[in-house]
Every structure is written in structure tokens, then in C-alpha cells.
Amino acid sequence: MRAPSATTKLGLACAIAASAGLLSGCMGAMPTPMAALNRQLAMAGTNRGPSLSGRWLAVITGRGGRDQVLLLDVARNAPVPVPGLNRGDAKPISVGVDTSGERLALVRQLEGRTELVLYRRSLMSLQPIPMQPAGVPSLVTMRADGKELAVQVSRDGLWQIDLISLP
Amino acid sequence: MGLFARRSVGPLGPLGAEDRQDPAISGNGRFLASVLEQGGKAMVVLQEQPGGQTVALRHLRGHEPHSSPSLSWNGRYVAALVQQGPERVAILEDRATGKLLRLPLPNGSQPARLSLAPDGQRIAIEVIEGGQSRVQLFDLTGQLEPDLPGGLAVQGGPSVP
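From first to last, the protein sequence lines stand for chains A and B. Quick note: the first sequence uses my numbering, first residue 1, plus one each step. Quick note: the second sequence uses my numbering, first residue 1001, plus one each step.
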């Protein structure tokens, strides 16, 4: 275990409080809302399914009955283009982004089926990732270095997790 | 196998056939968090990778159901949504110090999902307000030490039976 820092005493107090079922005994300081970025998100409509990695935030936004993936540069408080990622006839379900903002993994519904795809921003390319054995993906998270996905898959009546290495 | 290599999460039970949801991988790939149905409770389980050895968490037990776990780069921080009485609350466990941080949200907000930045310096929380979902970002700088690539690994704790 890593050597404890100056917060050890607080940690001990919190451990005692938690063991007594007192989560409130460990309330931290109010996290600081990032107001400019939150305004940017509010302007985009409703949003859900955040994936935060490095300076990048990917969310699924909904406006006018259409959902799409929005990639925001948190450091610049600005959206960045993701050409070829969003299609008018596709419904995004879950998205994950790596810490360089280069790779996004997306679960989407298209033409009556649910699929997992990998998007490379510099190439503006989409690559399907087949589910093997067959299954229906419903949620994806991406390792921060972009080298691996963890995918929640419905298969044979169970929820399972597939770990998929990316080339 | 094809272009995309796959590997198993690793067993929990003898048959490895449990319902598992909400996966999250640490930035260095050494830990996987997921939500497992155990005894009718949805509980966050942290497992070392590869192999799947279960690592104990200090603060989450007794606050089920859990959902939406998220890990920092070396797996030092584990954020999740848990139940406290009638409320869903966002919490963060520091596995290095044992510290538990509760993340208070604006009044009336119900958290639905969260995503912790790998360095632990920001968190994005999806909240439901008036039937609408929206994502809000919070700055944790000053509350948490950064958990950066190449940082000291937090070793696994005792296995959970």
C-alpha cells in the first residue's frame, strides 16, 4: 500500500464513520462546478452518458428529438468536430473516449440492430467491432490510453463484460 | 480471434456466470470495476487484471445498490453512485489513504451516472432534474492528489470471499 499522506487521520475517521453507515460523516468540500463548461453543455440540450478522459469530455446530447455524440475540449470550453461519427439514422447509446481525444468507442442503434464501433478522429474513420461470441452491446468504457475497451454485453440471458484489446 | 483480441475478466464464482454490468477500467489496465448482483444486491466489485482477483473496498458495503463505478489511472480512486437512505449519492474512495469523499450535488439533483477523469482532478456527473438529464463537470483540484501515469500503484487489498 502506498505510504499514507497527511490525510491519513481524516481517512481513519472516515473509515470509522463509514463502518457505522455514516457516509455523511465524510462529506468533502463542495466540488467546484466548472461553470463555463456546464453552460456549454446546457446550451447543447439534454445530455447523458459522460465519458471524461484527459481534456476531453464525450457525452450524448439530445435536441429536437435527435441524439448525437458531442466531444468537448474541457481546457478550451469548446466542442470539437467529429466528422463521420454522427449519422442522422443512428441512435447513440453509450460512448467512451481516450485521454488523447483520438479514439472514441460508440454503441449505437442503426438499421434495427445494436453495434459497437471504434472512431479514430484523425482519420475520420469508423470501424465496426464484432461481438464474438454473438451478443448485444449496451455500454462501453475505454481505457484512458485507448488500448482496451470494457463492454457490457447481453448474451444468453446474462449481462457479461467483454475486454477487447484495440490494435 | 480476428483483429480485436479479447480476454476474460476472470472468475468470481466457480462458474464465472454472474450478471455483471457497468464496467470501468483503470488507466493502466490493472483494475476493472463492475457491478455484480450478489444476494439480491448490486455491488461494485474491484478486480485485478489479468486474473480477476477481487480487491476489497472499504466504504461501499451497506450502501447498496451501487452503480456507475469509475477508476483513476492507477486505480487509486474509485468513484461510484451509492444509496444513502432515500438518496443516491456520488462518493469517491481513496484506496491509498482510506479517505472517503462524498460529492454533494446541487439541491434536488439526482445522480444517474458519473465519469472520473483518470488523473482524479475532475468528475462528470449526469444528474436528473425535472425529468431531464444533464451532465455537469466538477473540479476536484485541491481535494485530491493527482493519480498520474507512472505513479505508485496501490496494491490490492485482501480478497473478498
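Glycine included, C-beta positions come from ideal geometry on N, C-alpha and C.
Neighbouring residues, chain A, relative to residue i (Cβ below 9 angstroms)
i	result
Glu1126 of chain B	Asn47, Arg48, Gly49, Pro50, Val59
Within chain B, the residues that residue i reaches when beta carbons sit closer than 8 angstroms
i	result
Val74 of chain A	Arg1122, Leu1137
Ala42 of chain A	Arg1134
Any chain B beta carbon closer than 7 angstroms to residue i
i	result
Gln152 of chain A	yes
Ile129 of chain A	yes
Ala144 of chain A	yes
Pro33 of chain A	yes
Met27 of chain A	Interpretation of Met27 of chain A is limited by its pLDDT of 49, a score under 50 that renders its predicted location unreliable; no figure is taken from the coordinates.
Thr99 of chain A	yes
Leu37 of chain A	yes
Leu22 of chain A	Only weak support exists for where Leu22 of chain A lies, its pLDDT of 46 falling under 50; the coordinates are left without a value.
Closer than 7 angstroms at the beta carbon, the chain A residues around residue i
i	result
Leu1003 of chain B	Pro167
Gln1021 of chain B	Gln152, Trp159
Val1009 of chain B	Ile161, Leu163
Leu1012 of chain B	Ordered by position in chain A, no residue passes the 7 angstroms Cβ test against Leu1012 of chain B, which lies about 11 angstroms from the chain.
Leu1140 of chain B	Pro31
7 angstroms Cβ cutoff, residue i in contact with chain A
i	result
Pro1111 of chain B	no
Pro1118 of chain B	yes
Leu1148 of chain B	no
Leu1144 of chain B	no
Leu1057 of chain B	no
Neighbour list for residue i in chain A, Cβ cutoff strictly below 8 angstroms
i	result
Ala1024 of chain B	Thr141, Ala150
Cut-off 7 angstroms between Cβ atoms - residues of its own chain near residue i, not counting five sequence neighbours on either side
i	result
Asn86 of chain A	Gln68, Val69
Leu1148 of chain B	Trp1073, Asp1119
Ser199 of chain A	Since the displayed chain A opens at 1 and closes at 167, residue 199 of chain A lies outside it and no answer follows.
Ala1112 of chain B	Glu1126, Val1127, Ile1128, Ser1133
Proximal residues of chain B, C-beta to C-beta of residue i below 9 angstroms
i	result
Ser53 of chain A	Gly1027, Ser1115, Ala1117, Pro1118
6 angstroms Cβ shell around residue i - same chain, five flanking residues per side excluded
i	result
Ala44 of chain A	Thr61, Leu70
Val82 of chain A	Leu71
Other residues of its chain near residue i: CB distance less than 8 angstroms, five sequence neighbours each side excluded
i	result
Ala75 of chain A	Arg55
Asp1139 of chain B	Gln1121, Arg1122
* Contact set between the region 1026–1045 of chain B and chain A, restricted to residues whose Cβ is under 7 angstroms from the partner -> Correct list: Gly1027, Gly1029, Leu1032, Ser1034.
* Asked: Residues in the region 1064–1089 of chain B with C-beta within 7 angstroms of chain A's C-beta atoms, listed in sequence order?
  -> From the region 1064–1089 of chain B, only Trp1073, Gln1084, Val1089 have a Cβ closer than 7 angstroms to chain A.
* **3-residue-minimum beta strand (DSSP E) runs that sit fully inside the region 1013–1043 of chain B, ordered along the chain** => List check, beta strand (DSSP E) in window: 1020–1025, 1031–1038.
* What are the uninterrupted segments assigned as beta strand (DSSP E) that are 3 or more residues long and contained completely in the region 1053–1127 of chain B, given in chain order? -> Within the region 1053–1127 of chain B, the complete beta strand (DSSP E) runs of at least 3 residues are 1067–1071, 1077–1084, 1087–1094, 1100–1103, 1110–1116.
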